[in-house]
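Worksheet: the structure to be examined is printed underneath.
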Amino acid sequence: MGERKKIIIDTDPGIDDAMAIFVALNSPEVDVIGLTTIYGNVYTTLATRNALHLLEIAGRTDIPVAEGTHKTILNGTKLRIADFVHGEDGLGNQNFPPPKGKPIEKSGPEFLVEQAKLFPGEITVVALGPLTNIALAVQLDPEFSKNVGQIVLLGGAFAVNGNVNPASEANIFGDPEAADIVFTCGADIIAVGINVTHQVIMTADDRDKLALSKGKLAQYLCKILGVYYSYHLDAYEIKGVYLHDPTTILAAFLPSLFTYTEGVVRVQTNGITKGLTLLYNNRKRFEEVTEWSDKPSVKVAVTVDAPAVLKLIMDRLMES
Ligand SMILES: O=c1[nH]cnc2c1ncn2[C@@H]1O[C@H](CO)[C@@H](O)[C@H]1O
148 MGERKKIIID TDPGIDDAMA IFVALNSPEV DVIGLTTIYG NVYTTLATRN ALHLLEIAGR
208 TDIPVAEGTH KTILNGTKLR IADFVHGEDG LGNQNFPPPK GKPIEKSGPE FLVEQAKLFP
268 GEITVVALGP LTNIALAVQL DPEFSKNVGQ IVLLGGAFAV NGNVNPASEA NIFGDPEAAD
328 IVFTCGADII AVGINVTHQV IMTADDRDKL ALSKGKLAQY LCKILGVYYS YHLDAYEIKG
388 VYLHDPTTIL AAFLPSLFTY TEGVVRVQTN GITKGLTLLY NNRKRFEEVT EWSDKPSVKV
448 AVTVDAPAVL KLIMDRLMES
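Just remember that the working numbering sits 147 ahead of the position in the sequence shown, which is counted from 1.
Pasting the structure below:
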């Protein structure tokens with residue numbers, strides 16, 4: 148096998164973030180070289196604490212955690228936090244003791260810029276929360292979008308309803324201006340939206356299977372998953388959970404499990420459709436110059452081999 152792909156996970160842990168981080172740590176295809184933290188499912192301070200905690204659970208305290216920003220790209224401090232999805236502590240209300248480790252001195256965006264410069268074209272950034280740290284990296288270093296190998300992001304609701312409101316998906320809604328900067332920055336980007344992740348469901352039966360595994364990470368996840376299942380039953384009336392973050396992690400190193408379309412994505416930043424992601428599908432040449440004209444294209448996932456993705460996630464969590 149070739150060299151492992153270097154990935155940095157930008158994360159707001161979060162129950163499905165915990166699953167995604169564990170899947171990555173158990174995947175021979177990748178080398179997780181750092182975590183950067185962001186608000187979203189929890190505030191950034193708690194995201195950092197949870198990231199350190201999860202690495203301690205996995206026995207991987209060798210991986211650095213760089214704390215990201217506490218504010219939106221426009222310095223907004225009125226953040227939308229999804230603690231009703233993940234529990235007040237972000238990890239299923241389990242009262243875990245504080246981690247022993249500390250984040251590194253560098254900020255999340257500084258770490259992203261540094262690593263992309265150090266390994267030009269080699270780093271994949273997997274963004275699982277609002278895109279503020281990535282947008283800050285783009286602003287910090289004009290070369291970042293060229294230096295970074297690929298950005299694989301969980302965000303958007305392409306031609307389907309959102310999960311914050313009918314228009315908007317949570318990560319984009321969290322910082323739409325940052326998302327628009329990232330989508331148009333010129334980097335090689337794969338966007339995995341909830342139009343795709345809603346197809347990958349871990350049922351109650353799958354959870355029972357996970358519980359049979361003796362692996363410490365599987366056992367840990369079974370403890371924290373309760374809140375996430377209750378939320379899905381309540382909000383969607385399903386006896387299962389959407390595997391947003393773990394599905395996105397797989398897109399970073401097994402891209403052929405998905406199909407893609409390509410085009411320019413812009414983000415609505417205000418009004419009732421704030422956070423809407425709109426892909427121009429290139430099927431018409433418009434008479435006028437539009438807000439999509441002359442902007443770089445990105446790849447947007449359109450289909451997923453859901454059974455294969457679910458099996459891979461289960462296998463990698465169970466063997467742990
Ligand atoms: O209803 C919701 N509101 C806010 N965040 C949510 C909701 N459902 C899931 N997520 C979280 O947002 C990302 C996917 O949009 C996932 O990280 C998921 O944990």
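Glycine included, every Cβ here is placed at the ideal spot set by N, Cα and C.
Open item on the list: For residue 373 and residue 239, I'd like the C-alpha separation in whole angstroms.
Closed with: For the purposes of this step, residue 373 is identified with residue 226 of the sequence shown, where counting begins at 1. For the purposes of this step, residue 239 is identified with residue 92 of the sequence shown, where counting begins at 1. Using only the alpha carbons, I get a separation of about 7 Å.
TODO: Please confirm whether residue 179 and residue 162 have their CB atoms less than 9 Å apart.
DONE: The residue labelled residue 179 in the question sits at position 32 within the sequence shown. The residue labelled residue 162 in the question sits at position 15 within the sequence shown. No, the Cβ-Cβ distance between residue 179 and residue 162 is not below 9 Å.
- [ ] Please classify residue 226: does DSSP put it in a helix, a strand, or coil?
- [x] To locate residue 226, count along the sequence shown from 1; it is residue 79. Three-state DSSP puts residue 226 in coil, outside helix and strand.
- [ ] Would you mind working out which of 251, 459, 221, 235 sits nearest residue 195, comparing C-alpha positions?
- [x] The count along the sequence shown starts at 1 and reaches residue 195 at position 48. Per the Cα distances, 251.
Task: Distance between residue 282 and residue 328 (C-alpha atoms, nearest Å) - done: Translated into the one-based positions of the sequence shown, residue 328 becomes position 181. Translated into the one-based positions of the sequence shown, residue 282 becomes position 135. The alpha-carbon atoms of residue 328 and residue 282 are separated by roughly 6 Å.
Open item on the list: Restricting to Cα atoms, I'd like to know which of 323, 388, 349 is closest to residue 454.
Closed with: Against the sequence shown, residue 454 aligns to sequence position 307. Ranking 323, 388, 349 by Cα distance to residue 454 puts 349 first.
Task: Residue from 190, 448, 205 with nearest C-alpha to residue 171 - done: As a working mapping, residue 171 is identified with position 24 in the sequence shown. Ranking the options by Cα distance to residue 171, first place goes to 205.
TODO: Would you check whether ligand 1 has a heavy atom nearer than 8 Å to the C-beta of residue 88?
DONE: Past the edges of the chain, shown from 148 to 467, lies residue 88, and the structure says nothing about it.
Task: Buried versus exposed, by CB contacts within 10 Å (16 or more), residue 419 - done: Taking the sequence shown and counting its residues from 1, the one referred to as residue 419 is at position 272. Counting Cβ neighbours within 10 Å, residue 419 comes out exposed, since fewer than 16 surround it.
TODO: Please report how far the alpha carbon of residue 463 lies from the alpha carbon of residue 457, in whole angstroms.
DONE: Taking the first residue of the sequence shown as position 1, residue 463 is located at position 316. Taking the first residue of the sequence shown as position 1, residue 457 is located at position 310. Looking at the two C-alpha atoms, the distance is approximately 10 Å.
TODO: Verify whether the separation of the beta carbon atoms of residue 414 and residue 277 is less than 9 Å.
DONE: Stepping through the sequence shown from its first residue, residue 414 is reached at position 267. Stepping through the sequence shown from its first residue, residue 277 is reached at position 130. No. Outside cutoff.
Task: First through last residue of the alpha helix (DSSP H) which encompasses residue 463 - done: Sequence index remark: in the sequence shown, residue 463 carries index 316 (1-based). First-last of the alpha helix (DSSP H) with residue 463: 453-465.
Task: Where the beta strand (DSSP E) containing residue 366 begins and where it ends - done: Counting from 1 along the sequence shown, the entry for residue 366 is found at position 219. Counting along the chain, residue 366 falls outside any beta strand (DSSP E), though it belongs to the alpha helix (DSSP H) covering 363-383.
TODO: Report all residues from its chain with a CB closer than 8 Å to the CB of residue 243; omit the five preceding and five following residues, and keep chain order.
DONE: Reading the sequence shown from its first residue, position 96 is the one you call residue 243. So the list reads 200, 236, once near-sequence residues are dropped.
Task: For residue 431 and residue 213, the rounded distance between their alpha carbons - done: Counted from its first residue, the sequence shown places residue 213 at position 66. Counted from its first residue, the sequence shown places residue 431 at position 284. Approximately 43 Å, taken between the alpha carbons.
Open item on the list: Helix, strand or coil, according to DSSP, for residue 297 in the structure here?
Closed with: Numbered from 1 along the sequence shown, position 150 holds the residue referred to as residue 297. Reduced to three states, the DSSP call for residue 297 is strand.
TODO: Closer than 8 Å by C-beta to residue 369: which residues in its own chain qualify, once you throw out the five before and the five after it? Chain order, please.
DONE: Along the sequence shown, one-based indexing puts residue 369 at 222. Contacts found: 354, 357, 358.
Task: Check: residue 384 C-beta below 8 Å from any heavy atom of ligand 1 - done: As a first step, residue 384 must be located in the sequence shown, where it is residue number 237. Checking every heavy atom of ligand 1 against the Cβ of residue 384, none is found closer than 8 Å.
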